[in-house]
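These protein sequence lines are chains L and R, in that order.
Its first residue numbered 255, the first sequence is counted upward by one per residue in the numbering used here.
Its first residue numbered 147, the second sequence is counted upward by one per residue in the numbering used here.
Don't be surprised by glycine CBs; every beta carbon is placed ideally from N, CA and C.
The structure presented is a predicted model; accordingly, all values stated were derived computationally and were not measured.
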Amino acid sequence: MSRGDDLHRDEIPPGTLYLLILRTLARSGEMHGYEIANSIQRISDDVLQVEEGSLYPALQRMLIKGWVSAKWGTTAGNRRARYYQLTAAGRKQLAVEMSQFERVIGAITRVIEAL
Amino acid sequence: MNWLREVARRLRMLMHRRQFDADLEEEMRLHLELRQQEHLESGMTADSARAAARRRFGNVTALREKSHMAWGWGWFEHLVQDVRYCLRMLRKSPGFTAAAVLTLALGIGANTAIFSTIDAVLLRQLPFANADRLVFVWATDAQRGVNEDVTSFPNFEDWRAQSKSFEAMAAFTTRRAMLSDGEKAEMAPAVQGTPGIFELFGVSPVLGRTFRPEEMEAGGSHVVVLGDAFWKERFGGRADVLGQTLRVNEEPYRIVGVMPPGFRISRDKPERIYVPLVRDPSRGHGFLMVLGRLRPRVSIGEAQTEMSVIARRLADAYPKQNGGAGANIVPLVDAMAGGAKTGMMIFLGVATLVLLIACTNVANLMLARSASRMKEMAVRAALGAGRRRILQQLLTESTVLALGGGVAGLLVSSWMARALVASLRQFNVPRLADTHTDALVLGFTLVVSLVTGIFFGAVLGFSAGSSKLNDVLRESSRSATEGARGRRLRSALVLAETAMALVLLAAAGVLLKSILVMRSTAPGFRSENMLAVEFWLPARRFAHDPERIQFFKSALARAETVHGVRSVALVADLPLGGGSDSLGFHIPGKPDPAPDKPFQSLFNVASAGYFRTMGIPLRAGREFGDLDSTNTAPVVVINESAARRFWPGEDPLGKHISLPDTTVLTVIGVAGDTRQLSLGAAPRPEIFLSYMQPGPPWSWLVMVARTDGDPAPLAATIKSAVQQVDAGVPVTDIRSMDDVLALSLAQPQLFAGLVTAFAALALMLAAVGLYGVVSYTVAQRTHEMGIRVALGAHRRDVLSLVLKQGLGLTLGGALVGMLCALGATRLLVHLVPSIRPGDPLTLTAVSALLLGVALAASYLPARRAMKVDPAIALRYE
């Protein structure tokens, strides 16, 4: 549906949410949604503020694509939580997204420095 | 393979949708609670901790929906939702649902029924290997305008030798043959075929062998292959029939093989046996139908080109026998269906019209309903449903209705198809009996239903899209009606419906008129109290004139003594039998109409007293008498048409004709015309020879007997009287002349009946449609009517106001329909050749009928409008 797309404001550069999730999972293995959100925030020194809920639609899309797999487990606090894990396809995708990101950032940097 | 796994994942999600939603919910709740916990630990109050967690998370409902939609099943879930909603709506208005489903079921059922017969006769693969490469090769005759003509044996041999397009070619002809095994004799259709005809079809016998090449030569041809039905009925399906003897036309034939069930070559009555075709060296004797199997990858067009060249070469080489002859290649499937194809296509057209009318009606019903549902639509739109979503819902509703109609239509169709097959049985259409609902028919029904649903769904959407939904919401409920566009649309629909109904009515009218004309046509003889007994004369025993004439005399004398019989006579071809032979002859003293083209007339044979017995009046001269015999000069009686054609303005009595064998005959009498082919076909010139004078050995004869009362009880007595004279002369058919008369009307009557049934259905639907529209307008304008009456309008004025609307629509529709009918009724010539398309009297009559029904259909609501009580109407806000 058309609704919703324009509701949330990502404070991270558009299109990089997948990259962030993929990279986070690549570093830490299994994580549930809350941990992923916290991890992104912590590592970026609170610079990147994800609208936390938007992680979930993104995770669903990644599940469809087969980049991540999910299974239920228990947290340290003995609560049921869904843990996400990178798949082989996810690893490949991470490489693709990384190189794409670097190309864009590199280009932007060159434009800025040309000033 | 990645996309395959992706599809599998999406499907898994679809299966476990509920679990999926629960998981997502739990996951999100955990996230919110953990965040809330964190905020609590940092010293917030419980309330503000929860609020902060929610703020950081975003719109939970929207995110949940977005996650759900990511899997791409939105359309499916909407569909399920719409179907559920629509089923609920339909259950709530059972009257509407029943009316709509029934209307559609009739329309779809009629189409499915006709299509299932077309499927059986034309579309289903013939049960032969390489069936798509099997063709008929017809001769054509440009001069007579015939394009499916028989050819001669030498022509067939030349075709086969010279053409390169065919793997195999075979020729056959159909005959009736006397089959007897020593006890029981029967007259049965038989096929005489060249060796190789079975191999051409790729069908092997279930028992024994087929014909050998040498069995085509005279003398070696006394072998017979049995058809499955004959084998099972007469020989109990026993394997020891091989080598037994079957008497075919009084001659012993050795049984060499049995064909499997379902094998059939003849287009007419299914053949019972097969005998070898003996080579006939006469190039002028056309009697063969030719079959061919195309080589792989040779198209019909290529074969046609080649055969045309060969036919032209043969025409040049033998101008006398083959002048003007061409070749025409027709796929076997089409050739087998023969004339039935056109008839079926016409009926499919008729059924399509009925379906269109049914669609229009249901669209109208739904329009009326959707007008009252405008408010619902407006509320939906206000709550955020997009226009596409609303259209999707309307389309779902119409499709669900149409599919319901389709399912009910299958029931209707299985009943209709059975009735259709039963009523067409007498016409021996090949493969018609195989009619059943197969996958193709089901697919057809499904497609027709879907197209129907989309058709009137689109009509609905067109009208729903026209009004501004927001305006509707703002206005009061009374004026929440469809706009002018909707009204115009409804009127246009009724107009179209009326026009289509008129076309069908005109078709029915034209057909019925032709039946009336045929009924009132004097057949030329008196049919009441008249019996016709058909015999078959074994050619061998009656080859010589004296034996034959002696038999005729004895049989007549014996039959005359039967109590209750007034007079008896013999004839070769009965009127309305359609089986007379056309022969050429010369008139001494007159030049032939064209070089090499003698005069042509039907020839028949009759005995003394034939015309008196049949009640055929004599216009001049005398009929055959006992004095005409072998010893007197050969004489003929001619009919009026022959007198007019060959001796215009002259007295034919005493004039002569000469036959190709140089016999000269004298005209002694002129008899009234009878209808030889059918009641619908004009009489043709006919010349009667005498049975008591020398002539060719005619194998067929019919004894006609005029009786004192009902002729049926005398049939057995007359039959045995003749068989007392000669037990070896089998009776092949006994009918009363009333039956003969009725049979000649059977086919046109059946067609007229079918079309009339469809037309009646169409008229009824159109009337219901008109009634609906007028009633609806009356209901909408109750307020206005009240004001008119309150201001002093007469009730009569109100009545005419409403009637005018109904009649205006009908007149418009009738006018359009009339124009279409002028063209459409022309097609019916293929069903009943004697119709008069565009007959003004008929068209006027059916238009009057339509207007009458329309008047009745609009009078009922008009009377309601007239009775409006202004006090109530004005309060009715």
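### Message
If we define contact as Cβ-Cβ less than 8 Å, is L160 of chain R a contact residue for chain L?
### Response
As a first step, residue 160 of chain R must be located in the second sequence, where it is residue number 14. L160 of chain R does not count as touching chain L.
### Task
List the residues that DSSP assigns as beta-bridge partners of Y337 of chain L.
Walking along the first sequence from the start, residue 337 of chain L turns up at place 83. Within the DSSP bridge table, the entry for Y337 of chain L names L:K325 as partners.
### Contacts around Q895 of chain R, its chain only, beta-carbon distance under 7 Å, and the 5 residues preceding and following it disregarded
Residue mapping note: residue 895 of chain R aligns to position 749 of the second sequence, counting from 1. Excluding five sequence positions before and after Q895 of chain R, the CB atoms of its chain that fall closer than 7 Å to its own CB belong to I661, given in chain order.
### Query
In chain order, what residues of the same chain have a beta carbon less than 8 Å from the beta carbon of P351 of chain R, not counting five sequence neighbours either side?
By one-based count along the second sequence, residue 351 of chain R stands at place 205. Correct list, in chain order: F344, V371, G403, V404, M405, P406.
### Query
If we count the other Cβ atoms within 10 Å of its Cβ and call it buried at 16 or more, is H286 of chain L buried or exposed?
For the purposes of this step, residue 286 of chain L is taken as the residue at position 32 of the first sequence. The residue is buried, with at least 16 neighbouring Cβ atoms inside 10 Å.
### Task
Specify, as a first and last residue, the run of the alpha helix (DSSP H) that N468 of chain R falls within.
Position 322 of the second sequence holds residue 468 of chain R. In the DSSP assignment, N468 of chain R falls within the alpha helix (DSSP H) that extends over 465–468.
### Task
Starting from the C-beta of V387 of chain R, find all residues in its chain whose C-beta is less than 8 Å away, skip the five residues before and the five after it, and write them out in chain order.
Here residue 387 of chain R corresponds to residue number 241 of the second sequence, with the count starting at 1. Only L353, L372, W377, F381, I401, V404 meet the Cβ criterion.
#### Entry: Backbone secondary structure at E313 of chain R - three-state DSSP
Your numbering for residue 313 of chain R matches position 167 in the second sequence. Three-state DSSP puts E313 of chain R in a strand.
### Cβ shell of L225 of chain R (< 7 Å), same chain only, five flanking positions each side left out
Position 79 of the second sequence, counting from 1, holds the residue named residue 225 of chain R. Cβ neighbours of L225 of chain R beyond the five flanking positions: T542.
### Task
Just confirm the distance between the C-beta atoms of L716 of chain R and L847 of chain R, as a whole number of angstroms; I'd bet it's less than 8 Å.
Taking the first residue of the second sequence as position 1, residue 716 of chain R is located at position 570. Taking the first residue of the second sequence as position 1, residue 847 of chain R is located at position 701. Contact holds; Cβ gap of about 5 Å.
### Task
Return no unless some Cβ of chain L is closer than 8 Å to the Cβ of F222 of chain R.
By 1-based counting over the second sequence, the position of residue 222 of chain R is 76. Not a single C-beta of chain L is nearer than 8 Å to the C-beta of F222 of chain R.
### Query
Does any CB atom of chain R fall closer than 8 Å to the CB of G287 of chain L?
The count along the first sequence starts at 1 and reaches residue 287 of chain L at position 33. The beta carbon of G287 of chain L sits closer than 8 Å to some beta carbon of chain R.
### Message
I'd like the list of long-range same chain contacts for L537 of chain R, defined as Cβ closer than 6 Å, with 5 residues on each side in sequence excluded.
### Response
Counting from one through the second sequence, the residue named residue 537 of chain R turns up at place 391. In chain order, G607 place their CB closer than 6 Å to the CB of L537 of chain R, counting only its own chain and leaving out the 5 sequence neighbours on each side.
#### Entry: chain L contact residues for M174 of chain R, given Cβ-Cβ distances below 9 Å
Stepping through the second sequence from its first residue, residue 174 of chain R is reached at position 28. Simply G287, G307, Y310.
### Cβ pair count under 8 Å reaching 3, the segment 485–502 of chain R against the segment 333–347 of chain R
Fewer than three beta-carbon pairs drawn from the segment 485–502 of chain R and the segment 333–347 of chain R are found closer than 8 Å, and the two stretches are therefore not classed as touching.
### Message
Distance check for L529 of chain R and P1007 of chain R, CA to CA, integer angstroms please.
### Response
For the purposes of this step, residue 1007 of chain R is taken as the residue at position 861 of the second sequence. For the purposes of this step, residue 529 of chain R is taken as the residue at position 383 of the second sequence. Each residue's Cα considered, the two are about 37 Å apart.
### Cβ-heavy atom distance, G723 of chain R to the ligand COA, below 7 Å
Because no ligand of any kind appears in the structure shown, any question about the ligand COA cannot be addressed here.
### Query
Given L160 of chain R, which residues of its chain have a CB within under 6 Å of its CB, disregarding the five upstream and five downstream residues?
What you label residue 160 of chain R is simply residue 14 of the second sequence in a count that begins at 1. If the five residues before and after L160 of chain R are omitted, its C-beta is found closer than 6 Å to the C-beta atoms of W219, all from its own chain and listed in chain order.
### Task
Spell out whether any CB of chain R is found under 8 Å from the CB atom of I294 of chain L.
One-based indexing of the first sequence puts residue 294 of chain L at position 40. Contacts with chain R at 8 Å (Cβ-Cβ) do not include I294 of chain L.
### Message
Which same chain residues end up closer than 6 Å to P422 of chain R when comparing Cβ atoms and leaving out the 5 residues on each side of it in sequence?
### Response
Taking the first residue of the second sequence as 1, we reach residue 422 of chain R at position 276. Same-chain partners within the cutoff: F357, E361, M362, S367.
### Query
If you draw a straight line from the C-alpha of G841 of chain R to the C-alpha of T451 of chain R, how long is it?
Within the second sequence, residue 841 of chain R is the residue found at index 695, counting from 1. Within the second sequence, residue 451 of chain R is the residue found at index 305, counting from 1. Those two C-alpha atoms are separated by around 44 Å.
### Message
Against W217 of chain R, what residues of chain L qualify as contacts under a CB-to-CB distance less than 8 Å, listed in chain order?
### Response
The sequence position of residue 217 of chain R within the second sequence is 71, counting from 1. Below the 8 Å Cβ cutoff, chain L contributes Q314, I318 as neighbours of W217 of chain R, in chain order.
#### Entry: Whether I411 of chain R touches F318 of chain R by CB criterion (8 Å)
Against the second sequence, residue 411 of chain R aligns to sequence position 265. Against the second sequence, residue 318 of chain R aligns to sequence position 172. Yes, the Cβ-Cβ distance between I411 of chain R and F318 of chain R is below 8 Å.
### Message
Under 8 Å, Cβ to Cβ, is there at least one residue of chain L near A154 of chain R?
### Response
For this step, residue 154 of chain R is matched to residue 8 along the second sequence. Judged by the 8 Å Cβ criterion, A154 of chain R is not in contact with chain L.
### Query
Roughly how many whole angstroms lie between the Cα atoms of R624 of chain R and A524 of chain R?
Residue mapping note: residue 624 of chain R aligns to position 478 of the second sequence, counting from 1. Residue mapping note: residue 524 of chain R aligns to position 378 of the second sequence, counting from 1. Residue confidence for R624 of chain R is low, a pLDDT of 46 falling below 50, so the modelled location carries little weight; the figure read from the coordinates is stated next. Between R624 of chain R and A524 of chain R, the C-alpha separation is close to 15 Å.
### Query
Any idea which residues DSSP pairs V781 of chain R with across the strands?
For this step, residue 781 of chain R is matched to residue 635 along the second sequence. DSSP lists R:T812 as partners of V781 of chain R.
### Task
Classify T956 of chain R as buried or exposed, calling it buried when 16 or more other Cβ atoms lie within 10 Å of its own Cβ.
By 1-based counting over the second sequence, the position of residue 956 of chain R is 810. With 16 or more other Cβ atoms within 10 Å, it is buried.
### Query
For the beta strand (DSSP E) that contains F749 of chain R, what are its first and last residues?
The residue you call residue 749 of chain R lines up with position 603 of the second sequence. For F749 of chain R, the enclosing beta strand (DSSP E) begins and ends at 745–752.
#### Entry: Residue nearest to R852 of chain R in terms of C-alpha spacing, selected from R:G495, R:W305, R:E674, R:V999
The sequence position of residue 852 of chain R within the second sequence is 706, counting from 1. The residue with the shortest Cα to Cα distance from R852 of chain R is R:E674.
### Query
Considering only the beta carbon of each residue, do F671 of chain R and I762 of chain R sit closer than 8 Å?
If you number the second sequence from 1, residue 671 of chain R lands on position 525. If you number the second sequence from 1, residue 762 of chain R lands on position 616. The answer is yes: Cβ separation under 8 Å.
### Query
Going by DSSP, what residues sit across from F318 of chain R in a beta bridge?
Position 172 of the second sequence, counted from the start, is the residue given in the question as residue 318 of chain R. R:G339, R:M435.
#### Entry: Interface positions of the segment 328–340 of chain L facing chain R (Cβ-Cβ less than 9 Å), listed along the chain
Listed in sequence order: T329, G331, R333, R334, A335, R336.
### Task
Taking V206 of chain R as the query, report the chain L residues whose CB atoms sit under 9 Å from its CB, ordered along the chain.
Taking the second sequence and counting its residues from 1, one reaches residue 206 of chain R at position 60. Neighbours of V206 of chain R across chain L, judged by C-beta separation under 9 Å: G307.
### Query
Considering only C-alpha positions, which residue in the set R:I264, R:S428, R:K238, R:V349 is nearest to T581 of chain R?
As a working mapping, residue 581 of chain R is identified with position 435 in the second sequence. Per the Cα distances, R:I264.
### Query
Is D228 of chain R close to chain L, meaning its C-beta is less than 8 Å from at least one C-beta of that chain?
Along the second sequence, one-based indexing puts residue 228 of chain R at 82. No, its Cβ sits nowhere closer than 8 Å to a Cβ of chain L.
### Query
Using a C-beta to C-beta distance shorter than 7 Å, which residues of chain L count as neighbours of D169 of chain R?
Here residue 169 of chain R refers to the residue found at position 23 of the second sequence. Under the 7 Å cutoff, chain L gives R336.
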